[in-house]
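Student: One structure is given below, represented as C-alpha cells, and several questions about it will come after.
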Amino acid sequence: MTDAQDTRITIDLDALAHNYAALRARAGDAEVAPAVKADAYGLGAAPVADRLWAEGARSFYVARLAEGVALRRSLGDREATIYVLDGATPGSGEALEGAQLVPVLNSLPQVEAWNVQARSGRLRAALHIDTGMNRLGLRPEELKVLVGSFDRLKRLDVELVVSHLACADTPEHPLNATQLARFQEAAALLPGVRRSLANSGGLFLGEAYRFDQTRPGVSLYGGGPEGRPHPEIRAVATVEAPILQVRVVPRGESIGYGAGWTASDNTRVAIIAAGYADGVPRAAFPRGEVWFDGARRPMLGRVSMDLIAVDVTDCDAARPGAMVELFGANLPVDDAADAAGTSAYERLTRLTLRGVRRYIGAAR
Ligand SMILES: *Cc1c(COP(=O)(O)O)cnc(C)c1O
Numbered sequence: 000m001t002d003a004q005d006t007r008i009t010i011d012l013d014a015l016a017h018n019y020a021a022l023r024a025r026a027g028d029a030e031v032a033p034a035v036k037a038d039a040y041g042l043g044a045a046p047v048a049d050r051l052w053a054e055g056a057r058s059f060y061v062a063r064l065a066e067g068v069a070l071r072r073s074l075g076d077r078e079a080t081i082y083v084l085d086g087a088t089p090g091s092g093e094a095l096e097g098a099q100l101v102p103v104l105n106s107l108p109q110v111e112a113w114n115v116q117a118r119s120g121r122l123r124a125a126l127h128i129d130t131g132m133n134r135l136g137l138r139p140e141e142l143k144v145l146v147g148s149f150d151r152l153k154r155l156d157v158e159l160v161v162s163h164l165a166c167a168d169t170p171e172h173p174l175n176a177t178q179l180a181r182f183q184e185a186a187a188l189l190p191g192v193r194r195s196l197a198n199s200g201g202l203f204l205g206e207a208y209r210f211d212q213t214r215p216g217v218s219l220y221g222g223g224p225e226g227r228p229h230p231e232i233r234a235v236a237t238v239e240a241p242i243l244q245v246r247v248v249p250r251g252e253s254i255g256y257g258a259g260w261t262a263s264d265n266t267r268v269a270i271i272a273a274g275y276a277d278g279v280p281r282a283a284f285p286r287g288e289v290w291f292d293g294a295r296r297p298m299l300g301r302v303s304m305d306l307i308a309v310d311v312t313d314c315d316a317a318r319p320g321a322m323v324e325l326f327g328a329n330l331p332v333d334d335a336a337d338a339a340g341t342s343a344y345e346r347l348t349r350l351t352l353r354g355v356r357r358y359i360g361a362a363r
C-alpha cells in the first residue's frame with residue numbers, strides 16, 4: 000500500500016502547540032486542561048497528549064472510561080490528572096480507581112457509588128453541575144441536598160466543580176449569562192473547590208467565564224470558537240485524497256448515483272478517491288468544495304460511496320495521483336463543515352475510519 004492510494008491525514012503538532020498557546024493567553028491565570036476525548040477529536044489522543052504535556056498541560060478530559068484507561072497507559076509515569084466526563088458509571092469503579100482516573104460525578108447515584116468505592120481510603124472526584132444544558136450533571140437543588148448530607152461526600156476529595164455551556168459558540172445568546180450566574184451560585188456552596196466552566200467557545204466569552212480551569216477541545220484542533228475560522232486558531236489536520244482519473248463529461252450527461260448533477264457544458268472533472276469512509280458527508284453536495292492547485296473547486300453530484308467528482312475546468316495540474324485537499328491548511332475545517340451542514344466536531348471525528356495519519360512537527 001502506498002501513500003498515493005490513501006486518504007492522507009497530516010497532523011501538524013506545531014500548529015496544535017500554537018493553538019494551545021493561544022488558548023492559554025486567552026485563559027489568563029486559569030489552567031488550560033485539554034479535552035482529548037474521541038481520540039483527540041480524531042487526531043490521535045496519544046500523540047496529541049504527548050505534545051500538549053510537553054507544552055505544559057497537566058490535566059486532560061476524556062469522555063469514556065476506556066479512553067481514560069488508554070490515556071493513562073500512553074502517558075506512562077507522567078503524573079497527569081485525567082478527568083472522565085461520563086463519571087462513575089455502573090461497574091466502572093475498579094477500573095477508574097486502578098488507572099487513577101478522576102470521575103466527573105454527574106448524579107447523586109454516581110456520588111454514592113464513588114463514595115462506596117472509596118471504602119476505607121479516600122478518592123479524588125470532580126462534580127458536574129447542570130446549569131441549564133440538561134445533559135449531564137446534578138441540578139443545583141441536588142447539590143444543596145448533597146452538601147447538606149456530609150455522609151455522601153465524606154470519603155471523597157472533591158477538588159473541582161464543573162459545568163458546561165450550551166451556547167458558548169454564540170456569544171450573544173442569553174443562556175450564557177444565565178448559566179454563568181447559576182454556576183457562580185452553585186459553586187459558592189463548595190468553598191475552596193476549584194471551578195471550571197469554559198470550553199473553547201467559553202474561553203472567548205471574557206474573563207468572567209475563566210474561573211480556575213478551562214477545558215477547550217475543538218479550538219485546539221483547528222475549529223474556531225464560534226464555528227467559523229478564527230485568526231488566532233491554526234489548522235491542525237489537513238486531509239488529502241488522490242485524483243484517480245480526469246475525464247470530460249459531455250454536455251447533457253450526469254455524474255454519479257442518482258444522476259445528481261448534469262453538465263450544462265462539456266466539463267472537465269476529476270474523480271477523487273474519497274468517500275464516506277474518508278469522512279466526506281453525504282450532505283457535502285451541493286455546496287461542498289475541495290482545495291486544489293490554488294483554488295476552491297466545487298464538488299459535482301453525490302458522494303458515490305468511495306468516490307467524489309470535482310470540477311477541474313481550466314486546471315492543468317489535475318492528473319491521476321495529484322492530491323486534493325478536503326479540508327485543512329488551505330480550506331478551513333469550519334468552512335468544509337458548514338458547506339455540508341455540519342460542524343468541525345463531526346468532520347474531525349469522522350476521520351478515524353480509513354485515512355493514514357502522519358504527524359509533522361516536534362512530537363514532544
Ligand atoms: C467536549 C467537552 C468540552 C470541550 O468542548 P469544545 O467545545 O470542544 O471546546 C469541555 N467540557 C465538556 C464537559 C465537554 O463535554
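Quick note: the sequence shown uses numbering that gives the first Met the number 0, first residue 0, plus one each step. Ideal Cβ placement from N, Cα and C applies to all residues, glycine included. All values reported here derive from a predicted model rather than from experimental measurement.
With DSSP as the reference, label residue 288 as helix, strand or coil.
Tutor: Looking at residue 288 - three-state DSSP - the assignment turns out to be strand.
Student: Any residue with its Cβ nearer than 5 Å to a heavy atom of ligand 1 should be included. What is that list in chain order?
Tutor: Selection output, chain order preserved: 34, 163, 198, 199, 214, 215, 216 and 217.
Student: Entirely within the stretch 28-64 and at least 3 residues each: give me those beta strand (DSSP E) ranges in chain order.
Tutor: With a minimum length of 3 residues, the continuous beta strand (DSSP E) runs that stay inside the stretch 28-64 are 58-61.
Student: Just the Cα atoms here: how many angstroms apart are residue 143 and residue 188?
Tutor: C-alpha separation (whole angstroms): 7 Å.
Student: Determine the burial state of residue 319: buried for a count of at least 16 other Cβ atoms within 10 Å of its Cβ, exposed for fewer.
Tutor: That one is exposed.
Student: Skipping 5 residues on each side, what residues in its chain have a beta carbon closer than 7 Å to that of residue 211?
Tutor: Taken in chain order, the residues that qualify are 29, 30, 193, 194 and 195.
Student: Within the stretch 193-219, note down every full alpha helix (DSSP H) run reaching 4 residues or more, in order along the chain.
Tutor: Counting only runs of 4 or more, we get 199-202.
Student: Measure the C-alpha to C-alpha separation of residue 9 and residue 107 and round it to an integer number of angstroms.
Tutor: Near 43 Å, if we compare the C-alpha coordinates of residue 107 and residue 9.
Student: To the nearest angstrom, report how far apart residue 49 and residue 92 are at their CA atoms.
Tutor: If I take the Cα positions, the gap works out to 26 Å.
Student: Flag this pair as touching only if the stretch 250-261 and the stretch 221-237 have three or more C-beta atom pairs under 8 Å; answer yes or no.
Tutor: No, the stretch 250-261 does not touch the stretch 221-237.
Student: Run the CB neighbour count on residue 109, radius 10 Å, all protein chains shown included, and call it buried at 16 or more, exposed below.
Tutor: Burial call: buried.
Student: Taking three-plus beta-carbon pairs below 8 Å as touching, is the stretch 212-221 in contact with the stretch 31-42?
Tutor: Yes: the two stretches touch, three or more of their Cβ pairs being nearer than 8 Å.
Student: Using only CA atoms, which one of 6, 248, 22 and 165 lies nearest to residue 269?
Tutor: Taking only the C-alpha atoms, the option nearest residue 269 is 248.
Student: Name the one or two DSSP bridge partners that residue 155 has.
Tutor: Answer is 122.
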